[in-house]
Amino acid sequence: MAKIRGSIVVNVERCKGCEVCMVSCPTGTIAMAKEVNGKGYNYAFPANPELCTGCANCAMVCPDGVITVYKTKI
Amino acid sequence: MVEFSGIKEIIKPENLVYKKTNIMTENILSYCPGCGHGTTHRILAEIIDEEGLQSEAIGVSPVGCSVFLYYYLDIDWQEAAHGRAPAVATAIKRLQPEKFVFTYQGDGDLAAIGTAETIHACNRGENILIIFINNGIYGMTGGQMAPTTLPGMKSSTSPYGRDVKTMGYPLKMTEIVASLPGSYYVTRQSVHTPANVKKTKKAIRKAVKYQKLNKGTCLIEIVSNCPSGWKMTPVQSNKWMEENMFPYYPLGDLKTPEE
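Shown next, in the form of structure tokens:
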């Protein structure tokens, strides 16, 4: 069976670390970084990239349009 | 641009499923983290992009948190005096009937200072779309009590909670507008989960379609959060909104045209 794999790209400087994406992610791919960005926010990043299915839930709820989503079948 | 990405092999243009539309500018939004305004802006930008309305959309921005809306969406804008966005939109639509005219207002703008303008614009059945963000508080000025503040809800001007005996009941503007014969499509949505974002997007798309028919005013209320005003984290505020706002402001269509 073909497996669907996804990947996200986070625009770090635009992220405000609201954690809404982390809660909406069904697979637990996203976590908040310990480091901060230029504005002092703990930005979101794909902590478990191999779990991502490319469902785009995170991008859909992101208030700042930070996340770009890619998806493919392997 | 600093980026953090997942598996590199999947990141190719042909695999793209979701990207911020170019209608949204690169300016960083002035909103607090987790604010529903940003999500709503993005949905609006996506609809304008997908429907090809960039050259014919004219927005009227309000006074309130979303006052700088014209920095974030790359379309034509007009700033209105506080609460007077429906009046300005009326003039724009009457002078340029072929354009897609919408206002974007918060509850302080639409339900407090602009109550009369809103009700009369809807009663006249102006062919405009009103997007109404309701977070039950005056977010921009420091979390004061708004007409839409829930009974018992604490704000900086009602520190013991809103007492309905002296301060009255929360104003349900959307219900009032739905009862007017001039309104055509009235609905209440939210943008805190992916499912609700999809529903809201569908509602805005419908409203854009109805506007072309010139049948009356469309109003979309979006129940939103205010993490800073409510003194909560964004995730907590979304939960609080589900538990407290939705029973008083139930989601769903209030007035749909017969098809």
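Chains A and B, in that order, are what the protein sequence lines are. The first sequence: position 2 = 14 (the working numbering), numbered continuously. The second sequence: position 127 = 1099 (the working numbering), numbered continuously. Beta carbons are placed, not taken as given, at the ideal position from N, Cα and C, and that holds for glycine.
What residue from the options has the CA that sits closest to residue i's CA?
i: residue 86 of chain A; options: A:78, A:76 and A:65; result: A:65
i: residue 59 of chain A; options: B:1037, B:978 and B:1137; result: B:978
i: residue 989 of chain B; options: A:76, A:45 and A:19; result: A:19
i: residue 1138 of chain B; options: B:1208, B:1088, B:1150 and B:1124; result: B:1124
i: residue 1030 of chain B; options: B:1021, B:1040 and B:1064; result: B:1064
i: residue 26 of chain A; options: A:50, A:37, A:45 and A:35; result: A:50
i: residue 75 of chain A; options: B:1035, B:1017 and B:1028; result: B:1017
Which bits of chain B does residue i rub up against, with CB to CB less than 9 Å?
i: residue 68 of chain A; result: 989, 990 and 1166
i: residue 15 of chain A; result: Within 9 Å Cβ-Cβ: nothing; residue 15 of chain A doesn't reach chain B, min ~12 Å.
In chain A, which residues lie less than 7 Å from residue i when you measure between Cβ atoms?
i: residue 978 of chain B; result: 19, 20, 58, 61 and 64
i: residue 1011 of chain B; result: 73 and 75
i: residue 1014 of chain B; result: 77
For residue i, does the three-state DSSP call read helix, strand or coil?
i: residue 1046 of chain B; result: coil
i: residue 1226 of chain B; result: strand
i: residue 1111 of chain B; result: coil
i: residue 1178 of chain B; result: helix
i: residue 1162 of chain B; result: strand
i: residue 993 of chain B; result: coil
i: residue 1014 of chain B; result: helix
i: residue 80 of chain A; result: strand
i: residue 979 of chain B; result: coil
i: residue 1234 of chain B; result: In the structure as shown, chain B starts at 973 and stops at 1231, and residue 1234 of chain B therefore has no counterpart that could be examined.
i: residue 1037 of chain B; result: helix
Run through chain A and tell me which residues come within less than 8 Å of residue i, C-beta to C-beta.
i: residue 975 of chain B; result: 21, 22, 23 and 24
For the beta strand (DSSP E) containing residue i, name the first residue and the last one.
i: residue 48 of chain A; result: 42-48
i: residue 1031 of chain B; result: 1029-1033
i: residue 1102 of chain B; result: 1101-1106
Who are the near neighbours of residue i in its chain, counting only those whose CB is closer than 6 Å to its CB and skipping five residues on each side?
i: residue 1126 of chain B; result: 1133
i: residue 1077 of chain B; result: 1034, 1057 and 1104
Which first and last residues belong to the alpha helix (DSSP H) in which residue i is found?
i: residue 64 of chain A; result: Note, residue 64 of chain A: premise wrong, no alpha helix (DSSP H); not H, not E.
i: residue 1077 of chain B; result: That residue, residue 1077 of chain B, is in no alpha helix (DSSP H); its beta strand (DSSP E) goes 1072-1078.
i: residue 1067 of chain B; result: 1057-1067
i: residue 1206 of chain B; result: 1206-1212
i: residue 39 of chain A; result: Unbroken run through residue 39 of chain A: none, as it is neither H nor E.
i: residue 70 of chain A; result: 69-73
Can you list, in chain order, the residues of its chain whose CB lies under 8 Å from that of residue i, leaving out five sequence neighbours each side?
i: residue 1229 of chain B; result: 1156, 1157, 1182 and 1187
i: residue 1042 of chain B; result: 1031, 1033, 1049 and 1051
I'd like the list of long-range same chain contacts for residue i, defined as Cβ closer than 7 Å, with 5 residues on each side in sequence excluded.
i: residue 39 of chain A; result: 63, 64 and 65
i: residue 1234 of chain B; result: Shown here, chain B extends from 973 to 1231; a query on residue 1234 of chain B therefore has no answer.
i: residue 1147 of chain B; result: 1226
i: residue 34 of chain A; result: 42, 43, 44 and 56
Under 7 Å Cβ-Cβ, which residues of chain B neighbour residue i?
i: residue 39 of chain A; result: Chain B residues near residue 39 of chain A: none, gap ~12 Å exceeds 7 Å.
i: residue 83 of chain A; result: 987 and 989
i: residue 8 of chain A; result: Because chain A spans 13 through 86 in this model, residue 8 of chain A falls outside it and cannot be assessed.
i: residue 48 of chain A; result: Those within 7 Å of residue 48 of chain A in chain B number zero; the least Cβ separation is about 12 Å.
Starting from residue i, find everything on chain A with Cβ-Cβ shorter than 9 Å and list it in chain order.
i: residue 1003 of chain B; result: 28, 75 and 76
State yes or no: is the beta carbon of residue i nearer than 9 Å to at least one beta carbon in chain E?
i: residue 43 of chain A; result: The structure shown contains no chain E; its protein chains are A and B.
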